[in-house]
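Mind the numbering: the sequence shown is residues -20 to -1, 1 to 384 in mature numbering (1 follows the signal peptide of the UniProt record, and there is no 0), read in order. The beta-carbon is built from N, C-alpha and C at its ideal position, and this holds for glycine as well. Down below is the structure, laid out as structure tokens.
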Amino acid sequence: MRLFFAFILMFSALFNSALAKPINTCRLEKYFYSSNSHKQKRINDLNIQLNHKENNMTLLPSVSIGTGQYSTNNNNFKGITSSSLSLSLSKEVYAGNRYGKTKEKLNITNRLNDLEQAEKKNDYYLELLSAISDYNYLKDQFNILHNQLNLQNSLTLQGQSNYNLGRISKLDATLNNLKIKQIKGEIKRVENNLETSKKIMSIDFKIPVNEIDTINGNDILNCKINSYVHFLNEKYTAEQERNRIDYELSNTSLYPAVSFSLSMTPPGRGLIEDFSINKADYTASINVSSSLSGLFLNEVRNEKRYIDSLDISLKRDEAIEHLLKKDIEIKKIISNIKNEIEYLTEDVSLKKLSLDYTYNRYKKKNDTLQSFYTQLESYNLSEVYLKKKKRELEYYEIYYSFIN
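Set out below in structure tokens:
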């Protein structure tokens, strides 16, 4: 029976695992780690590590060695072996837990650095999305121009045949050939812009040139760690916590500092010449000290903590207002673009019908070739603009998801 239940549990685990939704992974993260923002984060991490080491060193005791002579009218300075010798070891036992508070502050500083890094990641991905959107818009132009060139080649061949048969004028045949040169020139211009754009993106985002064409909006969405609103709230909490620790650190001076010391001198007169490993005079002491000024500064520190807390809250409120306005603005932009796309889709369809109608009229010699090309250019421009708006819609929808 136990084996049967074990088999059922194992089968259930495997079944649930198979049905589990796959976790989206960010394939662009490795490129971010080559960016200057991440390199700066590594420098900040190293500085915090050094500060931790420095704080740990405060746990070590202090060692001092003293030697000296005194002289009077009846007693002159003598050789070094006639000097007094004192070896002492002292250690601060308690100082208001300054070590623990400093360690806690460094941990929060590290947390704030992590949050800042996460925000910069979002910035990196959104800037990349904007660059990719512009690049894809160039690709849309390139593809439309190639389709236009294929159509123009067909029209030119057909026109040349009609010209040879005397069905069209030399002007129309020349216009067809000129149109091919114009389209090829546009293709070359867009092609150069594409190459330039890829090289600049490769430099700015540390992405290999051959990878740029494979990046899409879903890749950016998969890299979203959290929203800007989330990071803002996390930073606010951490900054208030750091403000509290700064206050507690300044208040360590209110507590008495307790230290222990142990000193050793050579036996008897305490001179170097009397030094012996086997015999020595030892003195142990406990010292307690307290700063009176700390008591009078306590009220000032309370006021400073309160003012700093107000400042942190004000900056957070300003940032939230900025995000709220950005939220409203982007929702309005998305709505406007959707309405525009709806209109442009119908407009492109209508212009395609108008283009076909003009071409049929031209074939029946009821319209001119120039009129057809005017309609064709209007159709191509509308098609390119429609694709541009679709790229913009994708960008702003992803941007909006990063805010909320």
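Next on the checklist: Determine whether the beta carbon atoms of residue 296 and residue 216 lie at a separation below 8 Å.
Outcome noted: Position 316 of the sequence shown, counted from the start, is the residue given in the question as residue 296. Position 236 of the sequence shown, counted from the start, is the residue given in the question as residue 216. Contact flag set, yes.
Next on the checklist: Please give the ranges of any beta strand (DSSP E) in the stretch 276 to 342, keeping only runs that are unbroken, at least 3 residues long and fully inside the region.
Outcome noted: none
Checklist entry - Is it buried or exposed for residue 120, if we count other Cβ within 10 angstroms and need 16 for buried? => result Working through the sequence shown from its first residue, we reach residue 120 at position 140. Classification of residue 120: buried, given that the 10 Å Cβ count is 16 or more.
Checklist entry - For residue 71, which beta-bridge partners are listed by DSSP? => result Sequence index remark: in the sequence shown, residue 71 carries index 91 (1-based). For residue 71, which the question treats as bridged, DSSP gives the partners 240.
Item to check | residue 163 and residue 140 closer than 8 Å at C-beta | outcome: Position 183 of the sequence shown, counting from 1, holds the residue named residue 163. Position 160 of the sequence shown, counting from 1, holds the residue named residue 140. Against a cut-off of 8 Å, the Cβ pair of residue 140 and residue 163 comes out as no contact.
Checklist entry - DSSP state of residue 15, grouped into three classes? => result For the purposes of this step, residue 15 is taken as residue 35 along the sequence shown, with counting starting at 1. Three-state DSSP puts residue 15 in coil, outside helix and strand.
Next on the checklist: On the criterion of 16 or more Cβ atoms from any shown chain inside 10 Å, does residue 132 qualify as buried, or is it exposed?
Outcome noted: As a working mapping, residue 132 is identified with position 152 in the sequence shown. So residue 132 counts as buried.
Next on the checklist: Checking the sheet assignment: what are the DSSP bridge partners for residue 89?
Outcome noted: Reading the sequence shown from its first residue, position 109 is the one you call residue 89. Answer is none; residue 89 lacks a bridge partner.
Item to check | Segment contact flag, the stretch 108 to 120 with the stretch 195 to 203, C-beta cutoff 8 Å, min 3 pairs | outcome: yes
Checklist entry - Taking contact to mean at least 3 C-beta pairs separated by less than 8 Å, is the stretch 73 to 89 in contact with the stretch 342 to 355? => result no
Next on the checklist: Between the alpha carbons of residue 288 and residue 223, how many angstroms are there, rounded?
Outcome noted: Residue mapping note: residue 288 aligns to position 308 of the sequence shown, counting from 1. Residue mapping note: residue 223 aligns to position 243 of the sequence shown, counting from 1. Rounded to whole angstroms, residue 288 to residue 223 spans 7 Å at the Cα level.
Checklist entry - Is residue 260 helix, strand or coil when you go by DSSP? => result In the sequence shown, residue 260 corresponds to position 280, counting from 1. Here residue 260 sits in coil by DSSP.
Checklist entry - Given a threshold of 16 other Cβ atoms within 10 Å of its Cβ, counted over all protein chains shown, does residue 367 qualify as buried or as exposed? => result Sequence index remark: in the sequence shown, residue 367 carries index 387 (1-based). Label assigned to residue 367: buried.
Checklist entry - How many angstroms separate the CA atom of residue 192 from the CA atom of residue 178? => result In the sequence shown, counting from the first residue as 1, residue 192 sits at position 212. In the sequence shown, counting from the first residue as 1, residue 178 sits at position 198. Spanning the two alpha carbons is a distance of roughly 7 Å.
Checklist entry - Is DSSP giving residue 136 helix, strand or coil here? => result Position 156 of the sequence shown, counting from 1, holds the residue named residue 136. In this structure, DSSP gives residue 136 a helical state, which the three-state scheme calls helix.
Checklist entry - Around the C-beta of residue 125, are 16 or more other C-beta atoms found within 10 angstroms, so that it is buried, or is it exposed? => result In the sequence shown, the residue the question calls residue 125 occupies position 145. Residue 125 should be labelled buried.
Checklist entry - Does the Cβ of residue 5 have 16 or more other Cβ atoms within 10 Å, making it buried, or fewer, making it exposed? => result Against the sequence shown, residue 5 aligns to sequence position 25. Flag for residue 5 reads exposed.
Next on the checklist: Just verifying my parser: in three-state terms, what is the DSSP assignment at residue 378?
Outcome noted: As a position in the sequence shown, residue 378 is number 398, starting the count at 1. The answer is helix: DSSP assigns residue 378 an H, G or I state.
Item to check | Neighbourhood of residue 292 by C-beta, 7 Å cutoff - its chain only, sequence neighbours within 5 removed | outcome: Your numbering for residue 292 matches position 312 in the sequence shown. 216, 219, 220, 223.
Item to check | Boundaries (first-last residue) of the alpha helix (DSSP H) holding residue 215 | outcome: On the sequence shown, position 235 is the one that residue 215 refers to. Taken as a continuous stretch (DSSP letters only), the alpha helix (DSSP H) holding residue 215 covers 208 to 230.
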